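In the working numbering, the protein residues as written are 51 to 242. Where is the CB? At the ideal position from N, CA and C, for every residue including glycine. Remember, it's a predicted structure, so these values are computed and weren't measured experimentally.
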């Protein structure tokens, strides 16, 4: 069990370096300026996605066609990209809400969706299949996600006052739309 934890930690950490999740972590930290809420959302999403990956992810491929899953995920990302362009509330200085609840929920949902079909999810699936265990793989993968993304979240929070929120919204929207278009494009090529 210890081997499964540490090998999952190492494999997912390597898979996560330079991944689009780090850019999302930075954008959410700058947008919300609530690093603990963003980190908490990442933690819950990681537990969920890697638990799902280790537990039922391998069998999911038997029930849902990869192309259909790709179309669904791609459409969700394009929709999220459009949604991000709409400010949550009208503020004179475009500051985020005072509570961290919105940041937590947004981070949790977007990180969860971002990881669907990602190399880190596939890595945790492979580790669970190899070690035939769920909890150590899920924990190792979750700690890896936090280890690699926490510094990005804290740096984004620290420099948030220097970055205009309109720019953050536009960049986030472009990121989501690009990811959605990429997933839709890949789904189109997976026609069987």
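Assigned secondary structure, residue i (DSSP; H/G/I helix, E/B strand, else coil)
i: residue 177; result: helix
i: residue 183; result: coil
i: residue 201; result: helix
i: residue 51; result: coil
i: residue 246; result: No answer is possible for residue 246: it lies beyond the span of the chain, which begins at 51 and ends at 242.
i: residue 224; result: helix
i: residue 209; result: coil
i: residue 236; result: helix
i: residue 135; result: coil
Cα-Cα separation between residue i and residue j, rounded to whole angstroms
i: residue 236; j: residue 212; result: 37 Å
i: residue 90; j: residue 118; result: 30 Å
i: residue 222; j: residue 175; result: 28 Å
i: residue 195; j: residue 135; result: 27 Å
i: residue 62; j: residue 198; result: 9 Å
i: residue 234; j: residue 158; result: 23 Å
i: residue 132; j: residue 51; result: 43 Å
i: residue 74; j: residue 219; result: 11 Å
i: residue 57; j: residue 76; result: 26 Å
Buried or exposed by the 16-neighbour rule on C-beta atoms within 10 Å, applied to residue i
i: residue 84; result: buried
i: residue 230; result: buried
i: residue 224; result: exposed
i: residue 217; result: exposed
i: residue 81; result: buried
i: residue 69; result: buried
CB contact flag (residue i, residue j, <7 Å)
i: residue 92; j: residue 161; result: yes
i: residue 203; j: residue 128; result: no
i: residue 178; j: residue 187; result: yes
i: residue 182; j: residue 99; result: no
i: residue 156; j: residue 97; result: no
| alpha helix (DSSP H) runs contained entirely in the region 57–121, provided each spans 4 or more residues | DSSP runs (the alpha helix (DSSP H)) wholly in the region 57–121: 70–82, 85–102 and 108–113.
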